[in-house]
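Read left to right, the sequence shown gives residues 8 to 462 (this note's numbering).
Where is the CB? At the ideal position from N, CA and C, for every residue including glycine.
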Amino acid sequence: MAVPGIMVLLCGAAMAAEESVPAQLISVSDADVSGSGIDIGQLKQAVDTMWVLIAAFLVFFMQAGFGMVEAGFIRAKNTCNILAKNFLDFCMASLGFFLIGYALMFGSGNSFMGLNGWALFGLESTTNGLPLYAFWLFQAAFCGAAATIVAGGMAERMKFQAYLIYSFIISAFVYPIVGHWIWGGGWLSNMGFADFAGSTVVHTVGGCAALIGTSILKPREGKYGVDGRPKVLAGHSIPLASLGVFILWFGWFGFNAGSTLGVTDGSIIGRVAINTNLAAAMGGIAAVATVWKRFGKPDLSMAMNGALAGLVAITAPCAYVEPWAALVIGAVAGYIVVRGVELLDKLQIDDPVGAFPVHGICGIWGTLCVGIFGRQMLGLANDGFIYSGNPMQLGIQMVGSVSAVVFVVVSMGIVFKLIDVTIGLRVSREEELRGLDIGEHGMEAYGGFQIFSTS
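Here it is as structure tokens:
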């Protein structure tokens with residue numbers, strides 16, 4: 008009886024307090040704020056800056072999500088190595104993006120790349136209505152996300168020092184150039200190409216880099232039999248991977264909603280957030296339904312990749328589509344990620360975590376969805392195909408997506424080949440069989456524990 012009584016008292020007190028608040032404190036107009044001596048513009052910038060910084064912190068936290076997903080999907084003997092790569096690639100991305108990448112992406116120059124602002128020197132103190140340093144941090148977190156995608160695709164056999172070199176190059180040069188085309192006032196932006204939060208800029212770039220890297224690196228020892236059929240090299244911790252997916256899903260609200268770069272129009276943020284959630288949910292449902300029907304078991308790992316696929320796909324169109332379209336986008340992403348994993352196995356391309364199906368294929372799908380489901384009334388230059396019957400926006404999206412894919416595949420193919428012929432991309436066979444934790448780092452993730460498998 009005591010608890011209900013306390014609740015009644017608290018509710019009564021709250022109602023009384025609400026009734027006692029003066030009306031002039033409930034509604035504050037611009038005139039009231041101006042009369043108080045507060046500058047409206049400064050107040051707006053302060054609120055927007057705080058919003059973008061919080062979003063940047065969420066996107067940074069996604070690094071932990073990537074680390075947990077990748078660690079869970081690989082074998083225990085390589086856990087330290089994959090976590091070290093996730094940790095150090097953000098360090099390398101921060102350095103590369105600060106010294107070179109930001110200038111290439113957002114500096115003034117030409118339609119292909121920026122040409123000033125090295126190490127942020129000579130840039131204006133504000134950009135896009137935000138302080139330069141706050142905007143840089145938000146963009147650096149995105150750059151780190153693109154770089155870390157590759158770690159999973161090339162897991163369990165790539166040299167650590169080779170990975171560090173790759174991380175710096177993609178963060179300083181490759182990612183920023185594509186970013187300039189789309190977000191830095193480059194040629195795709197001038198065409199009307201739209202990618203609200205990075206299906207192309209972040210995910211297609213990272214996914215295609217993972218594809219070309221793992222193709223050059225070749226499959227892990229024992230992944231394919233002499234008959235070419237794939238063998239299961241099961242990940243060691245579904246709980247870790249599950250935690251990682253939840254962290255990524257949570258961080259994605261900062262990734263997508265933070266790309267509004269302000270809180271002035273709450274309706275946009277709300278639409279972005281609900282679309283993000285619906286696409287992820289539908290992606291998970293569609294993936295588990297697909298794999299259940301095809302193989303007779305509701306595979307949790309594929310359900311998790313389906314949710315990530317939905318998140319990747321909605322990233323470009325999240326501000327431009329209605330919630331019903333987000334469901335369709337997520338459902339298709341959940342289906343194609345399953346078929347994408349199967350396709351890579353048929354081609355004997357060993358991608359341990361599904362980096363290319365999740366980020367590459369679904370990044371392309373999400374980019375095209377802008378031209379299919381986008382609404383002009385929601386801020387897009389042209390209505391999508393299903394509303395207008397006009398393929399103009401879809402055609403622009405195709406041009407942008409193909410251009411990004413070709414540039415990344417060619418540039419990163421050259422980078423990986425150069426690394427391979429100099430210091431080498433791949434560890435020795437003995438080191439791979441023993442595990443990269445011992446061979447590369449001289450430590451174990453689970454020291455003192457015996458790891459058993461039920462497979």
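query: Span separating the alpha-carbon of G229 from that of K238; result: 7 angstroms
query: Residues near V208 in its chain [Cβ-Cβ closer than 7 angstroms; skip 5 each side]; result: V185, G186, I189, W190 and D202
query: With 16 other Cβ atoms within 10 Å as the buried cut-off, status of W58; result: buried
query: Cα-Cα separation between S462 and W299, rounded to whole angstroms; result: Caution applies to S462, whose pLDDT of 49 falls short of 50 and renders its modelled position unreliable; the model cannot decide the point.
query: Whether G159 touches F80 by CB criterion (9 angstroms); result: yes
query: Residues sharing a beta bridge with P237, DSSP; result: Y231
query: Proximity winner among G235, A320, V345 and A62, relative to A147 (alpha-carbon distances); result: A62
query: Close-in-space but distant-in-sequence residues of the same chain around F67 (CB under 6 angstroms, 5 per side omitted); result: A148
query: Exposure label - S222; buried when at least 16 CB within 10 Å; result: buried
query: Within 9 angstroms, strictly: CB atoms of M99 and P183; result: no
query: Supposed close pair A71, I254 - CB separation, criterion 8 angstroms; result: 6 angstroms
query: Any 3 or more C-beta pairs closer than 8 angstroms across the segment 77–93 and the segment 437–449; result: yes
query: Rounded separation between A338 and T322 - CA only; result: 14 angstroms
query: Through-space distance from L334 to V15, alpha-carbon basis; result: Low confidence applies here, because V15 scores a pLDDT of 42, under 50, leaving its location unreliable; read the following figure in that light. One C-alpha to the other measures close to 41 angstroms.
query: Buried versus exposed call for W331 [16 or more other C-beta atoms within 10 Å across all chains shown]; result: exposed
query: DSSP state of M474 mapped onto helix, strand, coil; result: It is not possible to answer for residue 474, since the shown part of the chain is limited to 8 through 462.
query: Local conformation of R433 per DSSP, three classes; result: strand
query: Integer Cβ distance of I219 from M450, believed to fall under 8 angstroms; result: Going by Cβ atoms, the distance from I219 to M450 rounds to 30 angstroms, so no, they are not a contact pair.
query: C-alpha gap between G48 and G370, whole angstroms; result: 36 angstroms
query: Whether G391 touches I379 by CB criterion (9 angstroms); result: yes
query: Assigned secondary structure, T271 (DSSP; H/G/I helix, E/B strand, else coil); result: coil
query: Inside the segment 158–224 only - beta strand (DSSP E) runs reaching at least 3 residues; result: none
query: Expected contact under 8 angstroms - CB spacing of G114 and G103 to nearest Å; result: Rounded, the Cβ-Cβ distance is 15 angstroms, inconsistent with contact.
query: Secondary structure of G449, DSSP reduced to three states; result: coil
query: R346, enclosing alpha helix (DSSP H) - first and last residue; result: P330 to K353
query: Reference K424; option with closest CA among A288, G347, A169 and G313; result: A169
query: Straight-line Cα distance separating S178 from V344; result: 26 angstroms
query: Under the three-state DSSP convention, the category N65 falls into; result: The amino acid occupying residue 65 in the given sequence is Leu; Asn does not appear at that position. L65: helix per DSSP, three-state reduction.
query: V360 versus A316: straight-line alpha-carbon distance, rounded; result: 12 angstroms
query: Test item: CB-CB of D357 and P246 under 9 angstroms; result: no
query: Of the listed residues V377, G290 and R82, nearest to Y342 (C-alpha basis); result: G290
query: Rounded C-alpha distance that separates G407 from G381; result: 16 angstroms
query: Minimum Cβ-Cβ distance from D357 to chain D less than 9 angstroms; result: Reference to chain D is not applicable here, since this structure consists of a single protein chain.
query: Buried/exposed call for K353, threshold 16 Cβ in 10 Å; result: exposed
query: Where P364 falls, given that 16 or more other Cβ within 10 Å makes a residue buried; result: buried
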